[in-house]
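Reading through the structure tokens given below for one structure.
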Amino acid sequence: MSDWAVPEKDERDLALVVVDMQNKFFAGADAALTEERTRHLQGIAKAVDMFHAAGRQVIFVLYDGVTHYMDGNTAEGDAIVSGIDARPDDIYVHKYHMNSFLNTCLEDAVRSMGCDTVLLCGMITEFCVMATYWGASDHRLSAFLMKDALISSDPKHTPMFMELCRNYDFGELELNLSKTHPEKPKDPLADYIRKKYPANGTH
Numbered sequence: 112m113s114d115w116a117v118p119e120k121d122e123r124d125l126a127l128v129v130v131d132m133q134n135k136f137f138a139g140a141d142a143a144l145t146e147e148r149t150r151h152l153q154g155i156a157k158a159v160d161m162f163h164a165a166g167r168q169v170i171f172v173l174y175d176g177v178t179h180y181m182d183g184n185t186a187e188g189d190a191i192v193s194g195i196d197a198r199p200d201d202i203y204v205h206k207y208h209m210n211s212f213l214n215t216c217l218e219d220a221v222r223s224m225g226c227d228t229v230l231l232c233g234m235i236t237e238f239c240v241m242a243t244y245w246g247a248s249d250h251r252l253s254a255f256l257m258k259d260a261l262i263s264s265d266p267k268h269t270p271m272f273m274e275l276c277r278n279y280d281f282g283e284l285e286l287n288l289s290k291t292h293p294e295k296p297k298d299p300l301a302d303y304i305r306k307k308y309p310a311n312g313t314h
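When we follow this note's numbering, the leftmost residue of the sequence shown carries the number 112, and every step to the right adds one.
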């Protein structure tokens with residue numbers, strides 16, 4: 112009989128994943144999206160600061176395509192919005208799809224940090240954030256949403272997903288970060304290969 116049990120929220124090894132917080136998504140933004148940014152940018156920045164204060168890297172997922180309001184990519188459009196402390200030693204994952212795991216190194220980035228759970232914040236809740244939330248299970252990772260740190264195209268959407276999905280508030284996150292200290296694998300690639308292709312006695 113297995114002794115394995117689902118870890119409590121304060122025991123999970125969390126990787127903070129910030130999705131698509133780039134200037135390009137606010138180009139031509141309507142009033143609703145602009146208001147969502149005003150309301151929740153501070154929460155996203157707070158989550159990032161909490162991980163940094165705990166000595167933890169943050170994963171930033173960046174969309175490399177163009178948006179509906181762009182004729183082409185620009186350095187300014189691709190840049191992370193002002194007010195978020197994205198550091199050179201954080202991890203940056205580039206994507207072309209809604210699901211941040213699809214054809215990217217996101218799973219490897221999470222596991223290289225010794226983590227097995229992604230904590231998602233950023234935008235747009237009902238599109239890229241939720242696609243990534245559901246996609247995590249395909250990579251044997253757990254997923255949670257960060258309360259008060261999600262931007263939606265309509266303020267009615269995020270509360271619906273918060274009700275539906277597992278999430279952390281800032282009090283729970285503070286407790287988790289004070290108790291958990293993920294151990295990075297000594298050889299992440301070798302460890303990943305061993306788990307993905309277990310020995311079966313043949314060569």
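For glycine and all other residues, C-beta sits at the position ideal for the given N, C-alpha and C.
- Beta-bridge analysis with DSSP links GLY225 to no other residue.
- LEU152: member of the alpha helix (DSSP H) spanning 142-164, first to last residue.
- Excluding its 5 nearest sequence neighbours in each direction, CYS216 has C-beta neighbours in its own chain below 7 Å: VAL204, listed in chain order.
- Excluding sequence positions up to five before and after ALA197, its CB lies within less than 7 Å of the CB of PHE171 and ILE191, all in the same chain and listed in chain order.
- In terms of Cβ geometry, ILE235 and SER253 do not form a close pair [threshold 9 Å].
- At the C-beta level, ALA186 and PRO266 stay beyond 9 Å of one another.
- Within the model, the alpha-carbon separation for ASN210 versus VAL129 is close to 13 Å.
- In the DSSP assignment, LYS258 falls outside any alpha helix (DSSP H) and within the unbroken beta strand (DSSP E) covering 253-262.
- It is roughly 10 Å from the alpha-carbon of LEU230 to the alpha-carbon of LYS258.
- Inclusion of LEU288 and ALA156 in the CB contact set at 9 Å is not warranted, their separation being larger than that value.
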